[in-house]
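Asker: Sharing a structure below in structure tokens format, with a few things to ask.
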């Protein structure tokens, strides 16, 4: 029997360090249904408010570092936006983790050698980025974070760690204070630490103790040496970061996340929290007007503080702040607890004095599932059978059967479709023999930096949670109702071209006990460009996306000319050979892209006008 991952079922996320637990293991199950593209943190505190453990953290924060990266916190945003610290993304969790007994702090990341209000580079401080991208036309489309992948290569500054000398010199970011149009620009000092981890989703080309061209040295690598230390620094501060990291859950699909209770936790009273946020979730109080693009329209703000990329591109992301749900529960006998209403909300943009505050819920936060579904409090959708938004189940696993066996005959390979073989893989395995009715979830992780080693649970956990094979970056969900001995075939995504991957898989039961993991390896292919009519290489590189209206209009105009003008077909064939190399060169320079957009601008305008009038 063949099972396809595109059949969406309830997902169960198994959060465990990897080893099998004793037969009397206790588990806590969190049940909820999120809206689309949500960033989520789940944690547990003692009854007196002491932070005990993070249960789960979505990967935009845990891996891609949106809370701690170069760029002013008020800079505009967009899909896979590369710059601007989103300190208001999950501030309640971040502050409470940082305030826990003996908690360590993350180092703050800033630009290598440009103002925090600048998105365009001031020197060669950028290297290719496989995750983040930047639109090269003003675009206020609310494409949410983690929504789509880049259409073209983008070179990003991975930043450096702020130093005591920077702080002593008054290093600051530009900040617009007050309400438009009477707001004022001030400088907000930046300290040595951040509440959030920096990104750890890339391999730095930098070597220790070298200085690159951008910083006045001779090393041709454009990454700062600090960037090579981000992964180790994150794990040193938060040792369980890999265990709790999870891909963005698919929206409107009920989730069940499990947590293994440490043996040292005594029976008694505890409190579970879930914090959830989405960008651009506007309402009358938290609107795109009140929390608008800073110093808009450009260049009314100071030219030394902001550049046009920071204020004219993307959209003002600061809608309603995060909301938090609170469920007191008793650890002991098996029982269920729940809540239907959030207990408070966080900081809208990470203002230091307000950053960790949980404000009591009031009418400023939307809670209207009928007229504003998925907004405000309804970022967690109501589960009708449970009459709640967040359920917490204490599960006792006394005298349970052994943990599941390892999935058998595990193989991976690029998908057969050459249009996607550079970014999607296909995995196959056989359902383990003792699994009937016992497997709660299959967990798949990928790594392109360090091998996933059979029998080494740490190497498996250090991999990234697998994603669906689509333009979204939602978590991969594999149906669990296959009979023992049957085949399972699944496509998965989130890969980069011409890259070697280790892929691991394990089965997890309803007590959060994992099987040993199986490992397979694969190499993604190069990008296979289709016939010329599907690509406008130079225009795509200049505008940043094949989906931009100007690029689409020029593509339509080209297609009409291909059919009507033989001479143009000859020129198009030449372009098909020269376009990709030219686009790769163009992708390395923001200045060159701007010049090409200026040169092609009249053609794009004419093509868009023709598009509007053609039948």
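Residue numbers (the working numbering): 49 to 663.
Every residue gets a Cβ at the ideal spot worked out from N, C-alpha and C, and that includes glycine.
Note that the structure is a prediction, hence the values are computed from the model and not measured.
1. Please state the DSSP three-state secondary structure of residue 76.
2. For residue 424, which residues of its own chain have a beta-carbon under 6 Å away from its beta-carbon, when the five flanking residues on both sides are left out?
3. Between which residues of its own chain and residue 208 is the CB-CB distance below 6 Å, once the five residues before and five after are set aside?
4. Taking the straight line between their C-alpha atoms, what separation do you get for residue 102 and residue 402?
5. May I ask you to report which of helix, strand or coil DSSP gives residue 477?
6. What did DSSP end up calling residue 354 once you bin it into helix, strand or coil?
7. Who are the Cβ neighbours of residue 284 in its own chain at under 8 Å, not counting the five residues just before and after it?
8. In the DSSP assignment, the beta strand (DSSP E) including residue 111 goes from what residue to what residue?
9. For residue 224, which of helix, strand or coil comes out of DSSP?
10. Quick check on DSSP: helix, strand or coil for residue 464?
11. Can you have a look at residue 289 and say buried or exposed, based on whether 16 or more other CB atoms are within 10 angstroms of its CB?
12. Distance check for residue 178 and residue 468, CA to CA, integer angstroms please.
13. My assumption, with CB atoms under 8 Å, is that residue 374 sits in contact with residue 309. Please give the rounded CB distance.
14. What is the DSSP secondary structure of residue 507, reduced to helix, strand or coil?
15. With respect to the alpha helix (DSSP H) encompassing residue 446, which residues constitute its N-terminal and C-terminal limits?
16. Assign residue 397 to one of two classes, buried (16 or more other C-beta atoms within 10 Å of its C-beta) or exposed (fewer than that).
17. Identify, in the order they occur along the chain, each residue of the same chain with its Cβ nearer than 6 Å to the Cβ of residue 330, setting aside the five sequence neighbours on each side.
18. Less than 8 Å between the CB atoms is what I'm expecting for residue 492 and residue 514, so what's the real figure, rounded?
19. Could you name the residues of the same chain whose beta carbon sits closer than 6 Å to that of residue 385, not counting the 5 residues immediately before and after it, in chain order?
20. Name the two residues that bound the continuous beta strand (DSSP E) containing residue 143.
21. Whole angstroms are fine: how far does the CA of residue 445 sit from the CA of residue 490?
22. Rank 81, 494 and 114 by C-alpha distance to the C-alpha of residue 542 and give the top, closest one.
23. Between which two residues does the beta strand (DSSP E) containing residue 212 stretch?
24. Would you grab the beta carbon distance between residue 125 and residue 363 for me? Rounded to a whole angstrom, and I think it's under 8 Å.
25. Label residue 317 either buried or exposed according to how many other C-beta atoms from any shown protein chain fall within 10 Å of its C-beta, with 16 as the threshold for buried.
26. Decide if residue 204 is buried, meaning its Cβ has at least 16 other Cβ atoms within 10 Å, or exposed.
27. Kindly identify the DSSP beta-bridge partner or partners of residue 393.
28. Restricting to runs no shorter than 3 residues, where is the beta strand (DSSP E) found entirely within the stretch 517-558?
Answerer: This is what the structure holds:
1. Reduced to three states, the DSSP call for residue 76 is strand.
2. Listed in chain order, the non-local C-beta contacts of residue 424 below 6 Å within the same chain comprise 368, 413, 414 and 415, local neighbours out to five positions each way being set aside.
3. Excluding positions up to five away in sequence, the list reads 160, 272 and 274.
4. Each residue's Cα considered, the two are about 22 Å apart.
5. The three-state secondary structure of residue 477, taken from DSSP, is strand.
6. Three-state result, residue 354: coil.
7. Cβ neighbours of residue 284 beyond the five flanking positions: 152.
8. No beta strand (DSSP E) holds residue 111; DSSP gives it neither H nor E.
9. Strand.
10. DSSP places residue 464 in coil when its eight states are reduced to three.
11. When all chains shown are included, residue 289 counts as buried.
12. The C-alpha of residue 178 is placed about 15 Å away from the C-alpha of residue 468.
13. Incorrect: roughly 19 Å between the Cβ atoms, too far for contact.
14. When DSSP states are grouped into helix, strand and coil, residue 507 belongs to the helix group.
15. No alpha helix (DSSP H) holds residue 446; DSSP gives it neither H nor E.
16. Buried is the call here.
17. So the list reads 336 and 367, once near-sequence residues are dropped.
18. The Cβ separation is near 4 Å, so the contact holds.
19. For residue 385, where only same-chain residues beyond five positions count, the Cβ hits under 6 Å are 375, 377 and 440.
20. Counting along the chain, residue 143 falls outside any beta strand (DSSP E), though it belongs to the alpha helix (DSSP H) covering 139-146.
21. Rounded to whole angstroms, residue 490 to residue 445 spans 19 Å at the Cα level.
22. With distances taken between CA atoms, residue 542 lies nearest to 494 out of 81, 494 and 114.
23. Unbroken run through residue 212 is the alpha helix (DSSP H), 212-216; no beta strand (DSSP E).
24. A Cβ-Cβ distance of about 6 Å is found for the pair residue 125 and residue 363, placing them in contact under the 8 Å criterion.
25. It counts as exposed.
26. Buried: at least 16 other Cβ atoms inside 10 Å.
27. 371 and 407, per the DSSP bridge assignment.
28. Counting whole runs of 3 or more residues, the stretch 517-558 contains the beta strand (DSSP E) stretches 535-541 and 548-557.
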